[in-house]
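Right, one structure below, let's go through it.
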Amino acid sequence: MAATDPMLDSGADFRTRLQTWLPKIVLAPSFAVMVIFVYGFIAFTIYLSFTDSRMLPSYDLVGWQNYERLFRVRQWDTAIINLGIFAGLYIVISTIIGLLLAIFLDQKIRGEGFLRPIFLYPMALSFIVTGTAWKWILDPAIGLETTMHRWGWESFQFDWIKDSDMAIYTIVIAAVWQSSGFVMAMFLAGLRGIDNEILKAAQMDGASNFQMYRRIILPQLRPAFLSAFVILSHLAIKSYDLVVAMTDGGPGTSTWLPALFMYEYTFTRNQMGIGASSAVIMLMTIAAIMVPYLYAELKEQK
Amino acid sequence: MGFLDINNVTKSYGAVEVLHKVDIQVDEGEFLVLVGPSGCGKSTLLNMIAGLEGISSGEIAIKDRVVNNITPSKRNIAMVFQSYALYPNMTVGQNITFGLEMQGTPKPERDKAMAEVASLLQIENLLDRKPGQLSGGQRQRVAMGRALVRDPDVFLFDEPLSNLDAKLRVDMRTEIKKLHQKLGTTIVYVTHDQIEAMTLSTRIAVMYDGYVQQLGTPKEIYDTPANIFVATFMGSPAMNVLPAQLIEMNGAIHAEVAGADGPKHLRIEDAPDAYGNYVGKSVMLGIRPEAITDPEGADRNAKNIQSLANQVTVTEPAGADTFVTMSLGGKDCVARMRADAEANPGQPFEFAVNMDKAVLFDPQTEARLA
Amino acid sequence: MTMMKKLHLGVAALAISATGAVAQEVEVLHWWTSGGEAAALNVLREDLAGGGIGWTDMPVAGGGGSDAMTVLRARVTAGDPPTAVQMLGFAIQDWAAEGALADLNALAEEQNWNEVVPEALQAFSTYDGNWVAAPVNVHSTNWVWANTALMEELGIEQPGSWEEFVAAMQTAQDAGYTALAHGGQAWQDATIFDSIAMGAGGPEFYQAAFVDLDPEALGGAEMVEAFNRMATLRGFVDDNFSGRDWNLATAMVINGEALFQIMGDWAKGEFVNAGMTAGEEFQCFRVPGSEGTVTFNSDQFAMFNVEGDAADSQVAMASAVMSPEFQIAFNVVKGSAPARTDIDPSSFDACGQAAMADLAAAGDAGTLFGSMAHGHANPPSIQNAMYDVITAHFNGEFDAETAAEEMVTAVELAQ
Amino acid sequence: MAVASSDTAIRSSNVTRTFIYLFLLLFALFYLMPLGIMLVNSLKPLSEITSGGMIAMPNEWTIEPWLSAWSTAQIGVEPTGLRPYFINSIAMAVPAVAISTVAGALNGYVLTKWHFQGATWIFGLLLFSCFIPFQIVLIPMARILGLLEIAGTTYGLILVHVVYGIGFSTLYFRNYYAAFPTELVRAAQIDGAGFFQIFWRIMLPSSGPIIAVCCIWQFTNIWNDFLFGASFASGDAAPMTVALNNLVNSSTGERPYNVHFAGAIMAAGPTLLVYIVAGRYFVRGLMAGSVKG
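Chains as they are written, first to last, in the numbering used here: chain A, 1 to 302; chain B, 1001 to 1370; chain C, 2001 to 2415; chain D, 3001 to 3293.
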């Protein structure tokens, strides 16, 4: 509800009118910046996707040709399927681990102040650094596998990163490592916000710990779930740096993701038209996830 | 013209009108209470007086100055909020003087004003604390202090006592009343609690559904409610409103209501002319619980006490009083009796009904017949 | 700006203002960021500094220059192109087609570039007959690098044919060594494929398939054979090759874990850094089957349209790049051959001299080809489409016939 | 083993608690491993890395790689180390974080406390802007920076980061301020405080936790950005990440991995520090409202 909306007519003095307009004036720069730098650029990209742009933007329209080509390119299929696998596993596993850590940390754990930053710090690193580190660790020749062999576990084998079918899962591992702590923080915040009295009441009702979490606590974490979902899905769709640093799309093209596809086609292969059309498809995917969420979220608060 | 004039004020959000032609004149020194259930528009009206919400049509004037287009701070008003709205980052002293500071009052004057208010409200020892360190009652005092220090033309209170526990609420109520009597300021006070409305006000505006249902002194409101809503909203337990038939019997108008074991007749004396038109028709009979007693407990000054034999369904002893419920007109009808009245559930009982206090309403318009 | 650099520029500015000249500067975008490369480039910088021209360094490493190309696009779009940009192959042609490059004809004529630069190289340095870039070097990419000690231990002679090459690798594998050191990155797969295709199909096939993009050559028997040979090579690569950097593969040869590596001449630097000498501790020879041909890539400095004084410094820089002194100094460090064919080879080691001789011979015989793997045979879109097929095949997603068919489709889509 | 304290409603047996501790410790190891490996390798001579595994402890400890990465490693043609770029990154990140945070705070304040027609829409549009893939903005952004004549400068980079930081900072502040009692704003209005006075005197002093969250988030994103840094500010104005990439990703030359690891940790240093020092405020800030949206 409005804090103020005096429907002022010309009778109001200047200062009063200024006060009424100030909120809009303050918001205006952000709004302008957003219209130009986000929606203007999106419009520009949509336009480009219908042109024959190659190295630099061109303004000659070619209709749906770029989209037709896009869906005939094999790597695009790979990228889409990979995104499905990656985003699905990444979101689900990060959420589960984040939630478990948060629940466990919420049990009046000694040393929480020590553990929490450990869980949280990966989010501070850039994906480039994370990717490089994991690339080394997962490399069978120099990483985990050899170390295990050296420690006497000769049969240990973990060479997913070298396997076209499994490499995408190693990216999931690294991405989960990076983000699950952040998810943990969101859930922890949610858990700390739950009224203890409700839990006491549930206990009186004879709920076991497990039931208490399933029936009472988790439903109350809905906002945290939603926030986590939105942040994770946006990271998943935008994932680029991590793949580049870890596998650079390999082995072969088995770990391509749409963001990588877009960058490759636009900037390396000089097929800006196809790159733009892939960007448009990505934007539409994001919109398909975000718009219902935003709509529900904002409608509720109206 | 009054001290605070609310002239035909309406409020709309888009096409929806939420406040309809409110017209209230408040005199200097009056204590006006806006009372009604939540969503009735009372807080909206208060916010419009404060300048926190715009006025869609009509006019509000304070001391004959139209304030429609004047910012809240220039209206010379002060407001006490339900949550007290104390600035959590400032000390009590800073909270109290923030308004003066904003107006550019020099520090020595601010300090002087603060000291006066603090001593008036007995919060001198709290001045250096932060709101988070205060109890509910203390916060309430600080919030009042913040309003008092500005010496405004009009005080606005938005449900100031609703966050306090029962005991404290009664104490603070008394305190506010004392303060009003001592300072003689003009107050507009919003509450949903009819007891607060009755105890504090010099006049009450009962609001419902965006309309002022009745504006009057507490006694007018209580004794001659304008309609069924006002009748049932004010008073606790609520007024019994029973379906009845108005009949002419033995040359007098009687109300016929269905008792547990057949129709009961209650004679009405000094019936206003309006009643005549309703003879033979359905009406709603309003009787306050305290007007139904045992014969010994009946009001000695009452002129028309009717006896009513009926079966008791439930008794609820409440210390000083006992509430006795019977079935009348197909509804539960509550009577308020002395604690030693001997009514027992399931037993017949001889009730005494003070028909001086009974009112009749039109069943369609729900307006009181007069 | 670094303190040192500020100081440096300050001093330079002082020196120039003393002589009354205007401060000049070149801004150079490149991805030569590793120690040796940067040191080699520093020769150029100091050369220019001697002429009173400042150097604004703009290194953007990564992705074999692809990140640098992205940056370049941003700069050109912003209307603020660098003076000179390190560039490979077709990128130069693309930028020239956009009209973004400067005209170096006057200088080229004065210094007679037409005569001293091989024609195959000129194809990249000129656009519509106008010089737009100054070539720095010629990397030939069809080299095999071998560990001499290991060859002796296994009794292997330098193989002269594909069959001998396979036999040699079989011997090494049987003896428990990794026969072929390789890193599974798309460009490395393609580098091998380049040489193998040349060996399997010969120069005409190479021209038809990779330059003319003839679908019949792309899907033909030679292509199938090339892919078959790739499959054979795959059998000699260790299991852990995927994603390995090329220099780690080189290290395997250096350490005697692996026998051969097929890689461009930049690999030489690794051997030299490890204290080995060309022709002694390590060997270099052309990939068997591709003898007599050279597939190359060439780093060039493409000169962008700039105005006023900057144009003068640009010409000075182009001149410095083409000077024999810089060509020697740079290429000795870099392991490549100079872009000029009139350079005295005495400062170069055995492999370097062999490279220069091969280059001159191939230039004369018309068997000098721009490397497909390094973007010198066809534009990036096609090059990468080919990468996709080659890599997919190498990782076992296609058999040879399917790969050849995919080659046709991929090229068609990329055109 | 600790016993569940009495004021929590959830009690668990000692067996369960042992399991919980084990689980937490296991994950702590999982989270620490990569950093540990990087740290260990940054303290080894190069020969130990190329000849042996990555995970083994060094036989010979050395801080040489750190010194090299900081001040002598070759970044481009100059042996400057990462030091000058570190300063660039600070010069870029601090103003960009400050501006985007202030803008987000003001936006959140307006959107929650001065609600007007269409404000929800504006917020929706702002929020969606958090999710655009940055690759698509490179070319048009370059054009605009060129027109503004700040291409290739730290100012240009600050602008870019502010522009794409506003969405998230607005989201954080809006959700936080939505839970902030509107009555306080009304009280201040009646007290005569203006738009900015209310913001400055009433809102900001209570915004500590969310300022911490927003600053941590923005600082991490801006500091770690590579794409914009490389595209819009390479050369002298290049941020740390671009320099690190130049150090680590050289194409055809020798690779001192130990120096790379040292450089990587160095580049991550400030954000790590921020998380460790301010991490507690992070959870607190999230609690204070931002997970509600």
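No residue lacks a Cβ here, since even glycine has one placed at the ideal position from N, Cα and C.
- In the same chain as residue 1358 of chain B, and ignoring 5 residues on each side of it, the C-beta atoms closer than 8 Å to its own belong to 1255, 1266, 1268, 1285, 1286, 1287 and 1291, in chain order.
- Of the candidates B:1243, B:1274 and B:1319, the residue whose Cα lies closest to the Cα of residue 1333 of chain B is B:1243.
- Just measuring C-alpha positions, the residue of C:2277, C:2349, C:2339 and C:2322 sitting nearest residue 2121 of chain C is C:2339.
- By the rule that beta-carbons nearer than 8 Å mark a contact, residue 200 of chain A does not touch chain C.
- For residue 1023 of chain B, the uninterrupted beta strand (DSSP E) segment begins and ends at 1016-1026.
- Taking 8 Å as the upper bound for CB-CB distance, residue 1099 of chain B and residue 1072 of chain B are not in contact here, some 11 Å apart.
- Residue 75 of chain A is outside the set of residues whose beta carbon lies under 8 Å from a beta carbon in chain B.
- Counting along the chain, residue 1034 of chain B sits inside the beta strand (DSSP E) bounded by residues 1031-1035.
- Secondary structure remark: continuous beta strand (DSSP E) runs of at least 3 residues inside the region 1130-1184 of chain B, in chain order: 1154-1158.
- Listed in chain order, the positions of the region 2022-2047 of chain C with a beta carbon within less than 8 Å of a beta carbon of chain D are 2027, 2029, 2030, 2031, 2032, 2033, 2034, 2035, 2036, 2037, 2038, 2039, 2041, 2042 and 2045.
- Nearest C-alpha to residue 1102 of chain B among D:3036, D:3190, D:3157 and D:3072: D:3190.
- As a beta-bridge residue in DSSP terms, residue 2085 of chain C pairs with C:2029 and C:2302.
- According to the DSSP assignment, residue 3020 of chain D belongs to no beta strand (DSSP E) but to the alpha helix (DSSP H) extending over 3014-3042.
- Put simply, the backbone Cα of residue 2042 of chain C is about 22 Å away from that of residue 2344 of chain C.
- Under the DSSP definition of a beta bridge, residue 1216 of chain B partners with B:1204.
- By the criterion of a C-beta distance shorter than 6 Å, residue 131 of chain A is surrounded in its chain by 242, 245 and 246, once the five residues flanking it on both sides are discounted.
- For residue 3060 of chain D, the CB contacts under 8 Å within the same chain, skipping 5 residues up- and downstream, are 3044, 3045 and 3048 in chain order.
- If you look at residue 3122 of chain D, you'll find it in the alpha helix (DSSP H) that goes 3119-3128.
- With a threshold of 16 other beta carbon atoms within 10 Å, residue 2027 of chain C meets it and is buried.
- Excluding sequence positions up to five before and after residue 192 of chain A, its CB lies less than 6 Å from no other CB in the same chain.
- Below 8 Å, too few C-beta pairs join the region 3169-3180 of chain D and the region 3076-3084 of chain D to call them touching: fewer than three.
- Residue 1270 of chain B counts as exposed, since fewer than 16 other C-beta atoms from the protein chains shown sit within 10 angstroms of its C-beta.
- In the DSSP assignment, residue 2055 of chain C is bridged to C:2026.
- Remark: three or more beta-carbon pairs, one from each stretch, lie closer than 8 Å, so the region 2182-2198 of chain C and the region 2385-2398 of chain C are flagged as touching.
- Under DSSP, residue 1282 of chain B takes part in a beta bridge, and its partners are B:1245.
- Annotation for residue 2363 of chain C: 2118 place their beta carbon closer than 6 Å to its own, counting only its chain and skipping 5 residues before and after.
- Listed in chain order, the positions of the region 2069-2090 of chain C with a beta carbon within less than 8 Å of a beta carbon of chain A are 2069, 2070, 2073, 2076 and 2077.
- Taking 8 Å as the threshold, the shortest C-beta distance from residue 2058 of chain C to chain D falls below it.
- Residue A:85 holds the alpha-carbon nearest to the alpha-carbon of residue 254 of chain A among A:51, A:85 and A:286.
- Contact between residue 3246 of chain D and residue 2060 of chain C holds: their C-beta atoms lie close to 7 Å from each other, under 8 Å.
- In the structure shown, the three-state DSSP call for residue 3182 of chain D is helix.
- Interface flag for residue 1010 of chain B against chain A is unset, since no Cβ pair is found closer than 8 Å.
- Burial state of residue 1263 of chain B is exposed, judged by a 10 Å Cβ sphere holding fewer than 16 other Cβ atoms.
- A direct Cα-to-Cα measurement between residue 55 of chain A and residue 3248 of chain D gives close to 27 Å.
- The beta-carbon distance between residue 1152 of chain B and residue 1260 of chain B, rounded to whole angstroms, is 57 Å. This is too long to meet the 8 Å contact definition.
- In terms of beta-carbon proximity, residue 1052 of chain B lines the interface with chain D, with at least one pair separated by less than 8 Å.
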